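Engineer: I have a structure here, written as structure tokens, and I will follow up with some questions on it.
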Amino acid sequence: MILTRWNYTKEEWNRFEHWKARKKGILFFLAGKLIPWRKRIPEISIMADRICVNNSQEPFQDQQRQIREIQIREAGNLNILEISYELGNAIRGIRVPIPRGKLREAFEVQERLILANGSIS
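As numbered in numbering that gives the first Met the number 0, residues 0 to 120 make up the sequence shown, in order.
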């Protein structure tokens, strides 16, 4: 069951790509400025147990993965939906930009994910 499906403008996706590069460090950020991203702008679908980016899936809740936290946070001029999950002894995260005008929907998705996955520690 799809909770939501988000599409992005080129500008929104580029802002997110630059934000991710800044989080990785100054070299990634500068490389992104010098070599523009030529990626296809994805469609993201969020389900109760995974996120699909175009045709690839990243699960966050299954037999090996246990969801830990769901946050919506501001990142400059972006809002980010962040899902943290445990895989073995490691905590991993999925970050998804929230498209302009979809913040209320993102809070609803957050609430539905919390309900679908029981108590989150």
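Cβ coordinates follow ideal geometry from the N, Cα and C atoms, glycine included. Keep in mind that this is a model prediction, so the values were computed, not measured.
Do residue 79 and residue 109 count as a contact pair if the criterion is CB distance below 8 Å?
Structural biologist: Along the sequence shown, one-based indexing puts residue 109 at 110. Along the sequence shown, one-based indexing puts residue 79 at 80. Taking 8 Å as the Cβ cut-off, residue 109 and residue 79 do not qualify as a contacting pair.
Engineer: From which residue to which residue does the beta strand (DSSP E) around residue 103 run?
Structural biologist: Position 104 of the sequence shown holds residue 103. No beta strand (DSSP E) contains residue 103, which is instead part of the alpha helix (DSSP H) from 102-115.
Engineer: Helix, strand or coil: how does DSSP classify residue 78 here?
Structural biologist: Within the sequence shown, the letter at position 79 stands for residue 78. Residue state, collapsed to three classes: strand.
Engineer: Going by beta-carbon coordinates alone, are residue 9 and residue 43 separated by less than 8 Å?
Structural biologist: In the sequence shown, counting from the first residue as 1, residue 9 sits at position 10. In the sequence shown, counting from the first residue as 1, residue 43 sits at position 44. No, they are not a contact pair.
Engineer: In chain order, what residues of the same chain lie with their CB nearer than 6 Å to the CB of residue 97, ignoring the 5 residues before and after it?
Structural biologist: For this step, residue 97 is matched to residue 98 along the sequence shown. Here the set comprises 78, 80 and 105.
Engineer: Would residue 74 and residue 0 qualify as a contact pair, given that the criterion is a beta-carbon distance under 8 Å?
Structural biologist: Counting from 1 along the sequence shown, the entry for residue 74 is found at position 75. Counting from 1 along the sequence shown, the entry for residue 0 is found at position 1. For residue 74 and residue 0, no; Cβs fall outside 8 Å.
Engineer: Check this for me: beta carbons of residue 94 and residue 11, under 8 Å apart or not?
Structural biologist: What you label residue 94 is simply residue 95 of the sequence shown in a count that begins at 1. What you label residue 11 is simply residue 12 of the sequence shown in a count that begins at 1. No, Cβ-Cβ distance for residue 94 and residue 11 is not below 8 Å.
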